[in-house]
Amino acid sequence: MKKAELMDYDKALELFEPVLGFEVHVELNTKTKMFCGCANEFGQGANTNTCPTCLGLPGGLPQVNAQAIESSIRLGLALGCEIAEYSRFARKNYFYPDTAKNFQTSQYDEPIAFNGQLTIELESGRLVTVDIERAHMEDDAGKLTHVGGATGRIQGADYSLVDYNRGGVPLVEIVTQMIEGGEADSPEIGRTYVAAIREIVKALGVSNARMEEGNVRCDANVSLRPRGSNILGTRTETKNVNSLRSVEKAVRYEIQRQAALLQAGGTITQETRHWHEDTGITSAGRPKSDADDYRYFPEPDLVPVAPSREWVEELRATLPEPPAARRKRLQADWGFADLEFQDVVNSDLMDAVEATIAAGASAQAARKWWTGEVARLANVAGVSADSLVQPDQVAALIELVVAGTLTDRLARQVLEGVINGEGTPLEVVEFRGLAVVSDDGALIVAIDEALAAQPDVLAKIRDGKVQAAGAVIGAVMKAMRGQADAARVRELVLERAGSADGSAE
Amino acid sequence: MTNVTKLTAAELSELLTDRSVSSVEVTRAHLDHIAAIDTDVHAFLHVARDAALATAARIDARRAAGDELGPLAGIPIAIKDVLATLDMPSTAGSKILEGWIPPYDATVVKRVRDAGLIPLGKTNMDEFAMGSSTEFSAYGPTHNPWDFDRIPGGSGGGSAAAVSSFQAPLALGSDTGGSIRQPAAVTGSVGVKPTYGGVSRYGSIALASSLDQVGPVTRTVLDAALLHDVIGGHDPLDSTSLTDSWPSMAAAARAGLADGALKGVRVGVIKELNGDGFQAGVSQRFTETLALLSAAGAEIVEVSAPNFEYAIAAYYLILPAEASSNLARFDSVRFGIRVNPDEGPLTSERVMAATRDAGFGPEVKRRIILGTYALSAGYYDAYYGSAQKVRTLIQRDFEAAFTKVDVLVSPSAPTTAFKFGEKMSDPMAMYLNDVTTIPANLAGVPGMSLPMGLAPEDGLPVGLQIMAPAKQDARLYQVGAAIEAMLEASWGHTLLSQAPELAPNDMFTSTEGAV
Amino acid sequence: MSEITAEQVAHLANLARIDLSAEEIDRLTTELGQIVDSVAKVAEVATPDVPATSHPMPLTNVFRADVVVPSLTVEQALSGAPDRDGDKFRVPAILDEE
Ligand SMILES: [Mg+2]
Ligand SMILES: [Zn+2]
Numbered sequence: 001m002k003k004a005e006l007m008d009y010d011k012a013l014e015l016f017e018p019v020l021g022f023e024v025h026v027e028l029n030t031k032t033k034m035f036c037g038c039a040n041e042f043g044q045g046a047n048t049n050t051c052p053t054c055l056g057l058p059g060g061l062p063q064v065n066a067q068a069i070e071s072s073i074r075l076g077l078a079l080g081c082e083i084a085e086y087s088r089f090a091r092k093n094y095f096y097p098d099t100a101k102n103f104q105t106s107q108y109d110e111p112i113a114f115n116g117q118l119t120i121e122l123e124s125g126r127l128v129t130v131d132i133e134r135a136h137m138e139d140d141a142g143k144l145t146h147v148g149g150a151t152g153r154i155q156g157a158d159y160s161l162v163d164y165n166r167g168g169v170p171l172v173e174i175v176t177q178m179i180e181g182g183e184a185d186s187p188e189i190g191r192t193y194v195a196a197i198r199e200i201v202k203a204l205g206v207s208n209a210r211m212e213e214g215n216v217r218c219d220a221n222v223s224l225r226p227r228g229s230n231i232l233g234t235r236t237e238t239k240n241v242n243s244l245r246s247v248e249k250a251v252r253y254e255i256q257r258q259a260a261l262l263q264a265g266g267t268i269t270q271e272t273r274h275w276h277e278d279t280g281i282t283s284a285g286r287p288k289s290d291a292d293d294y295r296y297f298p299e300p301d302l303v304p305v306a307p308s309r310e311w312v313e314e315l316r317a318t319l320p321e322p323p324a325a326r327r328k329r330l331q332a333d334w335g336f337a338d339l340e341f342q343d344v345v346n347s348d349l350m351d352a353v354e355a356t357i358a359a360g361a362s363a364q365a366a367r368k369w370w371t372g373e374v375a376r377l378a379n380v381a382g383v384s385a386d387s388l389v390q391p392d393q394v395a396a397l398i399e400l401v402v403a404g405t406l407t408d409r410l411a412r413q414v415l416e417g418v419i420n421g422e423g424t425p426l427e428v429v430e431f432r433g434l435a436v437v438s439d440d441g442a443l444i445v446a447i448d449e450a451l452a453a454q455p456d457v458l459a460k461i462r463d464g465k466v467q468a469a470g471a472v473i474g475a476v477m478k479a480m481r482g483q484a485d486a487a488r489v490r491e492l493v494l495e496r497a498g499s500a501d502g503s504a505e
Numbered sequence: 001m002t003n004v005t006k007l008t009a010a011e012l013s014e015l016l017t018d019r020s021v022s023s024v025e026v027t028r029a030h031l032d033h034i035a036a037i038d039t040d041v042h043a044f045l046h047v048a049r050d051a052a053l054a055t056a057a058r059i060d061a062r063r064a065a066g067d068e069l070g071p072l073a074g075i076p077i078a079i080k081d082v083l084a085t086l087d088m089p090s091t092a093g094s095k096i097l098e099g100w101i102p103p104y105d106a107t108v109v110k111r112v113r114d115a116g117l118i119p120l121g122k123t124n125m126d127e128f129a130m131g132s133s134t135e136f137s138a139y140g141p142t143h144n145p146w147d148f149d150r151i152p153g154g155s156g157g158g159s160a161a162a163v164s165s166f167q168a169p170l171a172l173g174s175d176t177g178g179s180i181r182q183p184a185a186v187t188g189s190v191g192v193k194p195t196y197g198g199v200s201r202y203g204s205i206a207l208a209s210s211l212d213q214v215g216p217v218t219r220t221v222l223d224a225a226l227l228h229d230v231i232g233g234h235d236p237l238d239s240t241s242l243t244d245s246w247p248s249m250a251a252a253a254r255a256g257l258a259d260g261a262l263k264g265v266r267v268g269v270i271k272e273l274n275g276d277g278f279q280a281g282v283s284q285r286f287t288e289t290l291a292l293l294s295a296a297g298a299e300i301v302e303v304s305a306p307n308f309e310y311a312i313a314a315y316y317l318i319l320p321a322e323a324s325s326n327l328a329r330f331d332s333v334r335f336g337i338r339v340n341p342d343e344g345p346l347t348s349e350r351v352m353a354a355t356r357d358a359g360f361g362p363e364v365k366r367r368i369i370l371g372t373y374a375l376s377a378g379y380y381d382a383y384y385g386s387a388q389k390v391r392t393l394i395q396r397d398f399e400a401a402f403t404k405v406d407v408l409v410s411p412s413a414p415t416t417a418f419k420f421g422e423k424m425s426d427p428m429a430m431y432l433n434d435v436t437t438i439p440a441n442l443a444g445v446p447g448m449s450l451p452m453g454l455a456p457e458d459g460l461p462v463g464l465q466i467m468a469p470a471k472q473d474a475r476l477y478q479v480g481a482a483i484e485a486m487l488e489a490s491w492g493h494t495l496l497s498q499a500p501e502l503a504p505n506d507m508f509t510s511t512e513g514a515v
Numbered sequence: 001m002s003e004i005t006a007e008q009v010a011h012l013a014n015l016a017r018i019d020l021s022a023e024e025i026d027r028l029t030t031e032l033g034q035i036v037d038s039v040a041k042v043a044e045v046a047t048p049d050v051p052a053t054s055h056p057m058p059l060t061n062v063f064r065a066d067v068v069v070p071s072l073t074v075e076q077a078l079s080g081a082p083d084r085d086g087d088k089f090r091v092p093a094i095l096d097e098e
């Protein structure tokens, strides 16, 4: 795959106005598939979750999953959509080996949700409102593996293998209206929009929202309009861009590629393009053609979906606070600076921090522990921070620090113990014997020993050279194996040095 | 001992219940008869001799053990090849499914098995149920037991021929535009298309989803009712299945056998489904039947259904459109045959196209292309969209008619059985044959065909079609049984008793059981 | 007379994934023309005020509870496959990318 000629980004924006559009597919986390009772599970043995219906066997018939309808309506509502009073499934007819019935059961002119909007906030603070044209339900295709050839890609493969486990998994496809005026922010709009969708479906609990498992997949439409023109350019549709960072990169790449091509007098082909995660480029796929005549018609094997207004209102009442509003509220409640808050959000730790604060920790301590030591350990282990330790454990740890039972250094050891499964922070403290020694008697014994061992230091302190106390404090801390509060040790050292004559000998 | 193959299912039920005969005896008698005559009739595509006898033995054992068994337990049944069966190939009469054994049973098949019936085998049909003559079966035509040179109707010619030649007392059929009723008419048997949604379509290889309905094929109205009671009722696997609780169809049929059952029944004669284009003998028997009905106290009312004129046009848009999509799954990936192109690279796309070219017969291709056209961009509104509006108008015609009458009647088919090849080269002529039966499918109402005599000019069976309002299938059985009794009383015998006795074919002596 | 052309039939055959021979296309062009002419009469009565009927029985909201039911075994699922590789269906190389 050769990298196309690219125009400098700023130059491209000088000459052209980018127009965007996104189609985001969200896999719902229902227990069963959209139209049959097979399990909706990721990572099972090939073709284990199949039946006559999702295998498209002769005689198989679909049955609509009630939970998928409910999740779709809730998602539609969360996107500010109207919910159709009457909605139908339709068949989208096309042949492809991963599509068992050779039609996708989707929705066409009667989607379950339509006319929504979603306001996203860019890093600059710029607010962009994305109009949602529709959110419709459909079933996913099976999974193809391409065998032979050099790359494992479809091109040059000798043959392909099909696993229909994912075939029939419920999807909601969210389609935006054209997004104009994005200008230089266009790539960031793409990333932020998909991040916002992801955040919403997670907050609703309707999807696992793991982009790496394909739970959220983005098709990005990009076209360029020459400055001063009001005619839309030809668009390309880059398929299956499956990470936030890639959405941003793919949009940017297409802007630069299309600009270079147009500037050189070329024309844009209306086509699907493939995103290559490894090389960061897009490549031409299938051009739009007559073969895109999908011959939609109402699915005769399914009856219309007509959600009552009462049901819709009941579902509306179950909506969580919109993630953007929640972020605003939490930042204010917690009193975090923008950077501090961004750190929490970008590390996906808002829920964890919130729960830790709810369990009694201060906001700053919760933030510091999660984005600091917990995140570091998670990074080492290659897992997400919130899967490493429970918020109430972190809160308990913080409580021990605040009470003076643990120093920060000790607390880090306790955290490791908790992660190792040694118990609660308190149990780890006891098990490992890590608590700060707060008994002055034991400290005085150690201090007096240290002073006696370093008479020159004692002399200096008595001469008023207080900074000389450091050597003694170090020796005491060492003797206490770190389990002492250094400030208290310092106080006691100075006190004992003052009265050391006589009593020390 | 009586020839048990000549008995009705209701009669067999009594003999089995009082253990005058065993299911094994009954089943073996039918299997032997199949072996004797089916090389000539070709009603069956597959006969499950060993499995049928084993099932029969199990039923006999259960009966001996005192198990509570349903009325049809132990009675053989033939199953149209459009239905998925776990232990028998299910080809829908198509090359593309040659040898395919489904990993599941259609709901109706499961219900038939659960009720203790004995599946004898799978019956021939027009490929994917597209046709009115069984000539479009990829496995050769079925012959009409009344005249081997004539068609047994279609698409369910195999099931109708099986029951009318006494190879099975009961059979399952499917009716998209008349595929149960028209074969019944031309073979002198009884067939019912239930209300749409009354019987599950799960496991029935779809032709046109919004029109298809599975139903009974038998020799008497009561037998059809008994079988309807077994296969009918809600199935959650079919989203278009009705949740209504249904009355016993058998009880309705028995009520129809009571004296005076036709008194006061308002019988509507559809003006548009008689006269021009109907064979003289068909019209004659129809007129005579109306006279008998009148004499039996029924009130004959002429009704008009002006939009029926558009029914065939609407049907031949809706059916091909839905079929073109339903048949897309035959792609050589998960089941069925795979055919490589003669030359050129072996790509998935080209192998699919070559398989579908080799695997589908001419009528299937014709309808897929027509349906693809009717749905394609720019044509949808004029064709498929308009056809669905006609559907509304036809439903309104039925509603209007049923405000005036209890049942509607017409001849089941415009002609008696035609000769092989007569309409093969002219698709429209073949399509026009369904003029009488199609409106019921478009509207979803139930329809029945039962014999009303032999046409004087050719001595072949003529069928009477009765239709009732949606969900009033029981009314169909009550009135149907009454008319059947009335006609048989007027003849002094059953119609099928007039059918020619079929001689054992040559195969019988040499290889018993082979068909 | 309708305006069905051989090119149109060839295009439809391509959409329907049927590798029709030239003779088949010719024959179908004639037949399809005749059939289309006679079915076009539906437009005569399909006026804008008439609603379309897609299902003969007016049901709505038929749903299934989100409860897992046993699937086929892998062997059952693959029992009819013309070609397989382990537990997967095997198909020739795919050229026409979606
Ligand atoms: Mg889609
Ligand atoms: Zn399934």
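The listed protein sequences derive, respectively, from chains A, B and C.
Read in order, the letters of the first sequence correspond to residues 1 to 505 in the UniProt record's numbering.
Read in order, the letters of the second sequence correspond to residues 1 to 515 in the UniProt record's numbering.
Read in order, the letters of the third sequence correspond to residues 1 to 98 in the UniProt record's numbering.
Even glycine gets a Cβ: it sits at the ideal position worked out from N, Cα and C.
Values in this document were obtained by computation on a predicted structure and should not be read as measured data.
Checking 8 Å against the spacing of the C-beta atoms, do residue i and residue j come in under that value?
i: M452/B; j: V462/B; result: yes
i: T105/A; j: E299/A; result: yes
Alpha helix (DSSP H) containing residue i: first to last residue?
i: L492/A; result: A486 to G498
i: F398/B; result: S386 to F402
i: I231/B; result: V221 to I231
Please classify residue i as buried or exposed, where buried requires at least 16 neighbouring CB atoms within 10 angstroms.
i: Q167/B; result: buried
i: G513/B; result: Residue placement at G513/B is poorly supported in this model, since its pLDDT is 43, which falls under 50; the coordinates are not used for a value here.
i: H493/B; result: exposed
i: S308/A; result: exposed
i: L20/C; result: buried
i: A93/C; result: buried
i: A185/B; result: buried
i: R191/A; result: buried
i: I189/A; result: buried
If the cut is a Cβ gap below 8 Å, which residues of chain C does residue i touch?
i: N346/A; result: Going along chain C, no residue has its Cβ under 8 Å from N346/A, so there is no contact; the nearest lies around 34 Å.
i: E349/B; result: R17, I94, L95 and D96
Mind checking which residues open and close the beta strand (DSSP E) that includes residue i?
i: F16/A; result: F16 to E27
i: P451/B; result: G447 to L454
i: W146/B; result: Run containing W146/B: none; DSSP gives neither H nor E here.
Check the Cβ of residue i against every Cβ in chain B and list those closer than 9 Å, keeping chain order.
i: K328/A; result: None at all; the shortest Cβ gap to chain B is about 44 Å.
Which residues of chain A have a Cβ atom closer than 8 Å to the Cβ of residue i, listed in chain order?
i: D397/B; result: Result: empty, since nearest Cβ-Cβ is about 22 Å, beyond 8 Å.
Could you name the residues of chain A that residue i contacts, counting a contact when the two beta carbons are closer than 9 Å?
i: G93/B; result: Per Cβ cutoff of 9 Å: no residues; G93/B is ~12 Å from chain A at best.
Strictly below 7 Å CB to CB, what residues from chain C border residue i?
i: A443/B; result: P56
Note down, in chain order, all residues in the UniProt region "Disordered" (78-98) of chain C with a beta-carbon under 7 Å from any beta-carbon belonging to chain B. S79, G80, A81, P82, D83, F89, V91, P92, A93, I94, L95 and D96
To be precise: take each residue of the region 78-96 of chain A, compare its Cβ to all Cβ atoms of chain B, and keep it if any distance is under 7 Å. Which residues remain? R91, N93 and F95
Using a Cβ-Cβ cut-off of less than 7 Å, give me the residues of the region 27-60 of chain A that come near chain C, in sequence order. T30, K31, T32, G37, C38, A39, G45, A46, N47, T48, N49, T50, C51 and L55
Contact list for the region 221-247 of chain B against chain A, Cβ threshold 8 Å: P236, L237, D238, S239 and T240
Of the residues that make up the region 7-33 of chain C, which ones have a beta carbon closer than 9 Å to any beta carbon in chain B? Q8, V9, H11, L12, A13, N14, L15, A16, R17, I18, D19, L20, S21, E24, R27, L28, E31 and L32
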